[in-house]
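According to this note's numbering, the residues represented by the sequence shown are 5 to 246, in order.
Even glycine gets a Cβ: it sits at the ideal position worked out from N, Cα and C.
If you're wondering where the values come from, they're calculated on a predicted model, not measured in any experiment.
Encoded as structure tokens, the structure appears first; notes follow it.
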Amino acid sequence: MMSKIKAAFSKLIKKLIKSVQRFPETIVVVTLVVFIAILLNHESGQWLEDCLMSLTLGLPLFSAFKLFLERKPLALKWRVIGDVLITALLTGYYFIIPSGEDQLFMIRFITMMGIFYLMFLLIPYFYKRKNFSVYCLKLVANFFITYLYTLVLYLGVIAIIFTVDQLFALNIDETIYLDLFFVAVGIFGVTYFLSNMPQFEDTLTIESYPVVIKVLIIAILMPLVTAYTVVLYAYFAKILFG
């Protein structure tokens, strides 16, 4: 069983590394988004909220640009130029965000988010390319699988932290739970989702997903149960020898 856990965990790590290598700009942006969200969980600041809004737009933009480059391979300099232009666009957007609440601006922001994510969805298959419906099905399945893993991982980690806190009276700040939620959903969730994005040259067919449950149990659930068991043993040791 340990060899299976090790193999599944190693496979998961390789997938995450592959995702970082394929979408480095997106991973950097989502890391910044998570970092700012954590800061906002501990302190307020209008400039932080504005940064968060601007960077959030960068997630679909950088991802869509990378998918475009996979469809239309260009020299490295064009990727750099594209990254610089997107960064300049996000920076400019930051400076036009109005202070205070502005309902019209928020509607425009949400509309832009929708457009950018639609670009992310359509670029690999626009236009006159077969199996677009299968591609959409893959993305939807990928989304739900990703956040099933993320939910199990998050609940497992906070269960361990809560147990340690209660058993050893550590008085851990409760804000850590929301911080970990941002990390799980943002960094792990986005990275894992992108790791399963089909390559442009992939031939897509409908297939079953029995491996999902296997990976969920072996790569995520079993290590969490093991860690939880270690915590309980540590507590029993504290009782016996403390």
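L171 and A163 have their alpha carbons spaced roughly 12 Å apart. In chain order, L52, C55 and L56 place their CB closer than 6 Å to the CB of I40, counting only its own chain and leaving out the 5 sequence neighbours on each side.
The DSSP-derived three-state label of G104 is coil.
By the Cβ criterion, the region 180-193 is in contact with the region 141-156, since at least three pairs of Cβ atoms, one from each stretch, lie closer than 8 Å. With a contact defined as Cβ atoms closer than 8 Å, F120 and A188 miss out at about 23 Å. In the DSSP assignment, Q50 falls within the unbroken alpha helix (DSSP H) covering Q50 to R75. Here DSSP, grouped into helix, strand and coil, assigns E205 to coil. Pairing Y97 with K22, the inter-Cα distance amounts to about 31 Å. In this structure, the alpha-carbon of H46 lies about 8 Å from that of T179.
Straight across, the Cα-Cα distance linking P77 with L36 is about 28 Å.
The beta carbon of G160 sits closer than 6 Å to the beta carbons of L228 from its chain, once the five residues preceding and following it are set aside; these are given in chain order.
The alpha-carbon of K19 is positioned some 18 Å away from that of S7.
In the displayed model, N45 falls within a helix according to three-state DSSP. A distance of 8 Å or more separates the beta carbons of L143 and T30.
If you look at V189, you'll find it isn't in any alpha helix (DSSP H); DSSP assigns it neither H nor E.
Counting along the chain, A12 sits inside the alpha helix (DSSP H) bounded by residues M6 to R26. Exclusion of the five residues before and after D87 leaves E29, F66 and F69 as the residues of its chain whose Cβ lies within less than 8 Å of its Cβ. With respect to P64, M110 sits apart: the two C-beta atoms are not nearer than 8 Å.
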